[in-house]
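Structure, as structure tokens:
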Amino acid sequence: MFAAVSLFAADANVARKAPELAFTLPGEGAKLLSQYRGKVVALEFILTTCPHCQAASRVMSKLQQEYSDRGFQALDVAINTTDDSVVEAFVRNFQVSFPVGWIPQDQCMAFLGFSMAERMMVPQLILIDRKGYIHYQTPPLGDEVSMKEETIRQRIEELLALGGSAARHGSASARVAVAKRPS
């Protein structure tokens, strides 16, 4: 069974450095996740045809408007297309107010640390602090808490409150969520 567990980190291995991710933004070309360093980033891997992903993008648009002036950046990355026009239609149809790009699914799986043989639910949400450390990641098959708006909002506020001081990654006060994987 999967569960999200909050822990008080005793070492820096719990909050882990986000790997680099290159994705394509329609009309802008290749972008790197590291270009958003200095902001709290909510990275969602989505399918443009998924109703849950569409709903999650609406929530992220609301959070982007609410928190952008405090250094928050939402990003969606579609994994079901490599066609700019499909992503552009998604942005237009669902009035997404933040960048939406695309990558092949195998790159998503590598970023998340999943094998191509594993099943996963979408959207997959990763919350990254201003220094580029992942604090929250949904489990492969989801859970009952991670994608609730109030949970996402609380986690974003926690990361925004960290400010620029990422020296806390190794301290006992750094809160992180760890997804338990089945044995």
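Counting from -11, one number per residue, gives the positions in the sequence shown under the numbering used here. C-beta: ideal position from N, C-alpha, C; glycine also.
Which residues in the same chain have their Cβ closer than 8 Å to the Cβ of residue i, if we skip the five residues on either side of it in sequence?
i, result
"LEU129", "PHE(-10), ARG107, MET108, MET109"
Alpha carbon to alpha carbon, how far is residue j from residue i? Give it in angstroms, no decimals.
i, j, result
"ARG169", "GLN95", "For ARG169, the predicted model reports a pLDDT of 36, less than 50, meaning its position is unreliable and no value from the coordinates is stated."
"VAL2", "ILE122", "9 Å"
"ARG46", "PHE82", "7 Å"
"LEU113", "VAL84", "16 Å"
"GLY17", "GLU8", "16 Å"
"GLY151", "LYS119", "10 Å"
"THR12", "ALA149", "30 Å"
"LEU147", "CYS38", "28 Å"
"ASP57", "GLU145", "13 Å"
"SER103", "CYS41", "21 Å"
"GLY15", "ASP72", "8 Å"
"ILE67", "ARG141", "24 Å"
"GLY59", "VAL28", "6 Å"
"MET135", "ILE34", "13 Å"
"ALA77", "ALA43", "15 Å"
"ALA162", "GLN93", "With a pLDDT of 37 at ALA162, under the threshold of 50, the predicted position of this residue should be treated as unreliable, though the coordinate-derived value follows. Computed Cα separation, rounded: 31 Å."
"MET97", "GLU54", "30 Å"
When DSSP labels each residue in this structure, what does residue i get in the three-state scheme?
i, result
"ALA6", "coil"
"GLN83", "coil"
"GLU132", "coil"
"LEU100", "helix"
"LEU35", "coil"
"LYS50", "helix"
"ARG163", "Since pLDDT at ARG163 reaches only 40, below the 50 mark, its modelled position is unreliable, and no value is offered."
Terminal residues of the continuous beta strand (DSSP E) containing residue i?
i, result
"TYR121", "121 to 125"
"ILE116", "112 to 116"
Could you confirm whether any beta carbon from chain D is found closer than 8 Å to the beta carbon of residue i?
i, result
"GLY151", "No chain D appears in this structure, which consists of one protein chain only."
Give me, in chain order, the residues of the same chain whose beta-carbon lies closer than 7 Å to that of residue i; leave out the 5 immediate sequence neighbours on both sides.
i, result
"VAL74", "THR36"
"ALA62", "ALA30, MET48, LEU51, GLN52, PHE86"
"THR69", "THR36, VAL75, TRP90"
"ALA155", "Legend: pLDDT at ALA155 = 39, less than 50; position of this residue unreliable, no value from coordinates given."
"MET117", "Note that residue 117 is Asp in the sequence shown, not Met. Cβ neighbours of ASP117 beyond the five flanking positions: VAL28, HIS123, LEU147, LEU150, ALA154."
"ARG4", "TYR121, ILE122"
Identify the continuous alpha helix (DSSP H) that holds residue i and give its terminal residues.
i, result
"GLU146", "137 to 149"
Which same chain residues end up closer than 6 Å to residue i when comparing Cβ atoms and leaving out the 5 residues on each side of it in sequence?
i, result
"VAL88", "ASP64, VAL75, VAL79"
"ALA10", "ALA18, LEU20"
"ARG143", "LEU115, TYR124"
Between residue i and the ligand FAD, is there a pair consisting of the residue's CB and a ligand heavy atom that are separated by less than 7 Å?
i, result
"ASP57", "No copy of the ligand FAD appears in this structure; indeed no ligand is present at all."
May I ask you to verify whether the stretch 15 to 29 touches the stretch 43 to 53, counting CB pairs closer than 8 Å and requiring at least 3?
-> When Cβ pairs closer than 8 Å are counted between the two stretches, the stretch 15 to 29 is seen not to touch the stretch 43 to 53, the count staying below three.
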